[in-house]
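Position one of the sequence shown corresponds to residue 2 (this note's numbering), numbered consecutively onward. For every residue, glycine included, the Cβ atom is placed at its ideal position computed from N, Cα and C. All figures in this text were calculated on a predicted structure; none of them were measured in a lab. Scroll down for the structure; my scribbles are underneath it.
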Amino acid sequence: MRIDEPEFKILDGCCPSKPALGKSMLQPGETTTVSIKFRMQEGTGGPHRFEIIVPTNDAVDSTTSLIVAATYPLP
2 MRIDEPEFKI LDGCCPSKPA LGKSMLQPGE TTTVSIKFRM QEGTGGPHRF EIIVPTNDAV
62 DSTTSLIVAA TYPLP
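Written as structure tokens, this is what we have:
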């Protein structure tokens, strides 16, 4: 399976870094990671939610969406 470059949408809050993909080509049974980094600055407190959209060449399920939620500062 081929995984294309992940995209993200900001749902609440401020901007995370661009999602990073571990591997873009997977054989059956293989896994990979999608990661983002949070770098919060003064004045950007509160809830933050992002949708990471992971497009693939899978004929049955060509897109997977991940929701990431965080609150800064931690309660």
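| query | result |
| --- | --- |
| With 16 other CB atoms within 10 Å as the buried threshold, where does Ile11 fall? | exposed |
| Using DSSP bridges, identify the partner residues of Pro17. | According to DSSP, which records beta bridges pairwise, Pro17 is partnered with nothing at all. |
| Please go through the segment 22-60 and give each complete beta strand (DSSP E) segment of 3 or more residues, from N-terminal end onward. | 47-56 |
| Which residues share a DSSP beta bridge with Leu67? | Ile53 |
| If you draw a straight line from the C-alpha of Tyr73 to the C-alpha of Gly44, how long is it? | 10 Å |
| Can you tell me whether Glu6 is helix, strand or coil according to DSSP? | coil |
| For Pro29, count neighbouring Cβ atoms within 10 angstroms of its own Cβ and tell me buried if that reaches 16, exposed if not. | exposed |
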